[in-house]
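For the sequence shown, this note's numbering assigns the number 391 to the last residue and increments by one with no breaks. Using N, Cα and C, we set each Cβ at its ideal position, and we do this for glycine too. Please read all numbers here as calculations on a predicted model, not as lab measurements.
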Amino acid sequence: MEHEEILHRCFRCGFCKLPSDYGSLNCPAYLKYRFESFSPGGRMWLTRAWLNGEVQTDARLQEVFFSCATCGNCVEHCIFDKFRESILEAFIAAKAEMVNRGTVPPPVRDYLTRLLAHGNPYKMPQKKRGQWAWELGVPCYTADAEYLFYVGDVGSFDGRGMEMARSVARLLLKLGVSFGILGENEGSDGNDARALGELELFEHLAKRNIETFRRAGVEKIVTLSPHGYNAIKNDYPRWGGNFTVRHYTHLLDEILPAAGDFGRAGAESVRRAVFHDPCYLGRHNKEYDAARHILDRLPGIERVEMPRNRADSLCCGGGGGNFFTDLVCSGPDTSAAARVVEAADTGAQLLVTACPICTVMLEDAVKSKNLEQRLQVRELSDLVLECMAG
Ligand code: SF4
Ligand code: SF4
């Protein structure tokens, strides 16, 4: 197994499941299951024992491996610089080994089967990929447009994700950005297939997108989701896919009007807002500032921070394919539930994020914790549109 050589270096000190102040649990899998085997260190030892034949593959072991939300907290907080960058890659390699042996949990098998058969996990026909944009006047991408707006699976097919795709597209149109979409020619970015260890399927999806982008003459890409951003930025170059890629928050940060130029001097009332860092923007790509800069410009918004922010952010639990496979998303001790309580405790009325998966996960958690009267989850582009409309 790739990265096998690092497994013995972990001596299970446990720092990797905590944030910088050691004051709470920051590994979504451990938070939910509360067994050391689900923590990053326990996972390392268990993987080693499994490879040595001391532990057999069973449903519980599969659950341990696939409940990792690939949030990157362990990479950020392992105290050993020499191998911490490889920890998450080792967990993905262990999942890949399970995939190769054909021993994955049923929800993972079903997700990957749907993705392989339909090109998306929603079992939707490819021709409906651009349906979210119908009636918006969003142009199809042509080589004279500056940006390809890459939407991805959740933005194309999930009800809430489609709303988010529409609000980002509306903003781009309003701000005069030259862009287009691929619609039915767009393919899944494959980021979550990679996180689930289906590396061949990921390579296939990535190569297909790269070929489509090239044929269309794409040079610059702006993405809806941090997951697509991560795959195109960090993995596609391996197969020659070298594009200038930005998450939509970076582009907005650059082109949005300055504070005070939103068409009205200020808002009548002030709403307090916290920003939830999506893991694939934050820890995976060290992008923490753009969304905060945008919030600071909005009239009537006072930005405060949750105790766990930036590199210490608590994952919503939906990463690593768990949004679809639900291995860490249900029950009372989910990280999304802990996150919305943390947000409400700051006194914020708005919990803002910039990822379709985080938005859905956190909205569900607000409902399950009965916090609807205190806290509203807002997707950043939608909030910006509201402020621009006055
Ligand atoms: S992965 Fe690093 S921080 Fe975590 S238990 Fe092992 S040595 Fe400690
Ligand atoms: S990546 Fe996140 S969910 Fe996975 S083991 Fe590390 S801290 Fe836990």
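If we call anything under 7 Å between Cβ atoms a contact, is ALA345 one with ARG304? no
Completely contained beta strand (DSSP E) runs for the segment 176-253, where each covers 3 or more residues: 221-224, 245-248
Would you be able to state if there are at least three C-beta pairs under 8 Å between the segment 327-342 and the segment 28-46? yes
On the CB-based measure, 16 or more other CB atoms within 10 Å of its CB, does CYS356 come out buried or exposed? buried
Taking contact to mean at least 3 C-beta pairs separated by less than 8 Å, is the segment 56-63 in contact with the segment 306-317? no
Sort GLY43, ARG273, TYR151 by Cα distance to PRO300 and report the nearest one. ARG273
Between GLU201, MET389, ILE88, ILE7, which has its C-alpha nearest ASN101's C-alpha? GLU201
Quick test of the definition: if touching needs 3 or more C-beta pairs under 8 Å, does the segment 169-177 touch the segment 73-88? no
How far does the alpha helix (DSSP H) with GLN63 in it reach, from first residue to last? 60-67
When burial is assigned at 16 or more other CB atoms within 10 Å of the CB, is LYS368 buried or exposed? exposed
Under 6 Å from any heavy atom of ligand 2, does the C-beta of PRO106 make it? no
Quick one: residues in its chain with C-beta nearer than 6 Å to the C-beta of PHE180, no 5 flanking neighbours on either side, listed in chain order? ALA146, TYR148, PHE150, LEU173
Rounding to the nearest angstrom, what Cα-Cα distance links TYR142 and ARG13 in this structure? 50 Å
Within 10 Å of its beta-carbon, does GLN350 have 16 or more other beta-carbons around it, so buried, or fewer, so exposed? buried
Inter-residue Cα distance where the pair is LEU372 and THR354: 17 Å
Closest residue to ALA207 among PRO279, ASP383, ALA232, MET99 (Cα-Cα distance): ALA232
Which stretch, first to last residue, makes up the beta strand (DSSP E) that contains ALA274? 272-276
Identify every run of the beta strand (DSSP E) within the segment 285-342, keeping only runs that are complete inside it and at least 3 residues long; order them along the chain. 302-305
For PHE150: DSSP bridge partner residues: VAL223
Counting C-beta neighbours from all protein chains within 10 Å, is the total for GLY198 16 or more, i.e. buried, or is it exposed? buried
Examine ligand 2 and report whether any of its heavy atoms sits within less than 6 Å of the Cβ of CYS330. no
So for ARG130, helix, strand or coil by DSSP? coil
For ligand 1, any of its heavy atoms closer than 6 Å to the Cβ of GLY15? yes
Find the nearest neighbour of GLU153 within the set GLN132, ALA134, ASP190, VAL275, judged by alpha-carbon distance. The residue you asked about is not Glu; residue 153 is Gly in the sequence shown. Closest by alpha carbon: ASP190.
Excluding the five sequence neighbours on either side, which residues of its own chain have a C-beta within less than 7 Å of the C-beta of GLY241, listed in chain order? ILE211
Using the three-state DSSP reduction, which class does THR354 fall into: helix, strand or coil? strand
Between HIS426 and the rest of its own chain, which residues show a CB-CB distance below 8 Å, the 5 nearest in sequence each way excluded? Within the shown structure, residues of the chain are numbered from 2 to 391, placing residue 426 beyond reach of any answer.
Touch check for the segment 291-300 and the segment 384-391: three-plus C-beta pairs under 8 Å? yes
Report buried or exposed for GLY332, applying the criterion of at least 16 other Cβ atoms within 10 angstroms of its Cβ. exposed
Only counting the same chain, and skipping five residues up and downstream in sequence, which positions put a Cβ closer than 6 Å to that of LEU19? ASN27
Can you look up VAL76 in the DSSP assignment and give me helix, strand or coil? helix
I'd like the span of the alpha helix (DSSP H) that includes ARG44, first residue to last. 41-52
Beta bridge counterpart(s) of GLN377 as assigned by DSSP: LEU351
Could you give the residue range of the alpha helix (DSSP H) that holds TYR34? 29-34
So what's CYS280 in DSSP terms, helix, strand or just coil? coil
Is the beta carbon of ILE7 within less than 6 Å of some heavy atom of ligand 1? no
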